[in-house]
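J.: In full-length UniProt numbering, the protein residues as written are 1 to 376.
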Ligand code: SF4
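1) Is DSSP giving residue 253 helix, strand or coil here?
2) Less than 7 Å separating the Cβ of residue 109 from some heavy atom of the ligand SF4?
3) Can you tell me whether DSSP reads residue 80 as helix, strand or coil?
4) Less than 8 Å between the beta carbons of residue 313 and residue 81, yes or no?
5) So, is residue 338 buried or exposed, given that buried needs 16 or more other C-beta atoms within 10 angstroms?
6) Which partner residues of residue 318 appear in the DSSP bridge assignment?
7) For residue 351 and residue 153, I'd like the C-alpha separation in whole angstroms.
8) Given this structure, state the Cα-to-Cα distance separating residue 200 from residue 165, to the nearest angstrom.
9) Within 10 angstroms of its Cβ, does residue 318 collect 16 or more other Cβ (buried), or is it exposed?
10) Could you tell me which residues DSSP pairs with residue 141 in its beta bridges?
11) Note down, in chain order, each residue of its chain lying with its Cβ closer than 6 Å to the Cβ of residue 130, except the 5 sequence neighbours on either side.
12) So, with DSSP's three-state summary, where would you put residue 323?
13) For the alpha helix (DSSP H) containing residue 212, name the first residue and the last one.
14) Can we count residue 106 as close to the ligand SF4, meaning its CB is less than 7 Å from some heavy atom?
15) With DSSP as the reference, label residue 369 as helix, strand or coil.
16) With a threshold of 16 other CB atoms inside 10 Å of the CB of residue 263, please say whether the residue is buried or exposed.
17) For my contact list, residue 286 and residue 356 are in at a C-beta cut-off of 8 Å; report their separation, rounded to the angstrom.
18) Go ahead and pull the three-state DSSP assignment for residue 159.
19) Does the beta-carbon distance from residue 220 to residue 245 come in below 8 Å?
20) With a threshold of 7 Å, establish whether the CB of residue 102 neighbours any heavy atom of the ligand SF4.
21) Buried or exposed for residue 116, please, with buried defined as at least 16 other CB atoms from any protein chain shown within 10 angstroms of its CB.
22) Which same chain residues, not among the five before or five after residue 39, have their C-beta less than 8 Å away from its C-beta?
23) Among 311, 268, 197, whose alpha-carbon lies nearest the alpha-carbon of residue 275?
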């Protein structure tokens, strides 16, 4: 299969023909509910001899997705929608949803609602979103995401970036993408894209590529070359990943991932608690277990590889898991949606090894104000 070929039906995967019919039927039921998409390059990374292969786990549907659990919009993103394709949750940051497709689809995607037929949250025409950003001078930072913006043509993406660059108060443009992992040829085969990055990532107004890699096996020689070209174009590259059961729920895997990225000049930025999104029950790791894995990985990393935080994207803001004791877990509001209410607030709860989201800790007990500075 050519690396450029996209597949959207599991019938196109010869290796799945070996499955028993009732198992295939379950996978077909899964893909009917939650879209399947992959491509020749990413499929070629799967080791079909290993039933626990992490790449297979990331992209191939699993019958476990039918377990009832979670909500489609677990972080209430749509509550912050202010114009078609535009979310405004934190005062200085706007999110432009410009694409409703990715280079492949992660089975644990927290935005799988965007890939469903009736979704209206992504705007092909971003003019209303741009007008909103122009009017709101407090916005200095725009995250262009979706779906994956690198699925747009370079011409269309350039139009969006040029219009954002023309807004004086927008200093940082971030592009959220998993294309360096899903199909680095999108970058390797397109010198115009790199020229556009070079033209618009300026000394005082940088473009950041927020690259998602879930496992070191995604850091192929092609992916490394693509990241290097992006870095050479003057774009700063940051890394983020959710913690996913069976993919990167291991300190050794995370250590290797953080270290390898830092060797390339890519800064580890966030490890996210997997959101309680529909279909994600089998992919998530309880918060306290996830934090313990993350903390152990940190211990084995160099300082530069150790810059990321373990964080929940909660409806009320970005909340960092700040630490564990034998009987308590601590959270800190890293980016509250309402800075008047939660800025720097530290929360402590009795430990609950079964908790997957902040809401699973009952009876919250914010610390007294004189304790707030301890972790800030
Ligand atoms: S790259 Fe992001 S938006 Fe796309 S499928 Fe994966 S998690 Fe979802």
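Glycine included, every Cβ here is placed at the ideal spot set by N, Cα and C.
In this text, all values refer to a predicted model and were calculated from it rather than measured experimentally.
T.: On the basis of the coordinates in this document:
1) Helix, per DSSP.
2) Correct: residue 109 has its Cβ closer than 7 Å to the ligand SF4.
3) Judged by DSSP in its simplified three-state form, residue 80 adopts helix.
4) Inclusion of residue 313 and residue 81 in the CB contact set at 8 Å is not warranted, their separation being larger than that value.
5) With fewer than 16 other Cβ atoms within 10 Å, it is exposed.
6) Per DSSP, 313, 335.
7) Each residue's alpha carbon lies about 48 Å from the other.
8) Answer to the nearest angstrom: the Cα atoms are 7 Å apart.
9) So residue 318 counts as buried.
10) Partner(s): 93, 172.
11) Excluding sequence neighbours, residue 130 sits near 163.
12) In the displayed model, residue 323 falls within a strand according to three-state DSSP.
13) Going by DSSP, residue 212 is part of no alpha helix (DSSP H) but of the beta strand (DSSP E) stretching over 207 to 212.
14) Residue 106: yes, Cβ under 7 Å from the ligand SF4.
15) Summary for residue 369: the model assigns pLDDT 42, below 50, so the residue's position carries little reliability; its value from the coordinates is reported in the next sentence. Residue 369: helix per DSSP, three-state reduction.
16) Exposed, by the Cβ-count rule.
17) Contact check for residue 286 and residue 356: beta-carbon distance about 6 Å, within the 8 Å limit, so the pair qualifies.
18) Residue state, collapsed to three classes: helix.
19) At least 8 Å separates the beta-carbon of residue 220 from that of residue 245.
20) Yes.
21) It counts as exposed.
22) Once the five neighbours on either side are set aside, the close Cβ partners of residue 39 are 3, 4, 5, 6, 7, 103, 104, 182, 183.
23) Nearest neighbour of residue 275 by Cα position, chosen from 311, 268, 197, turns out to be 311.
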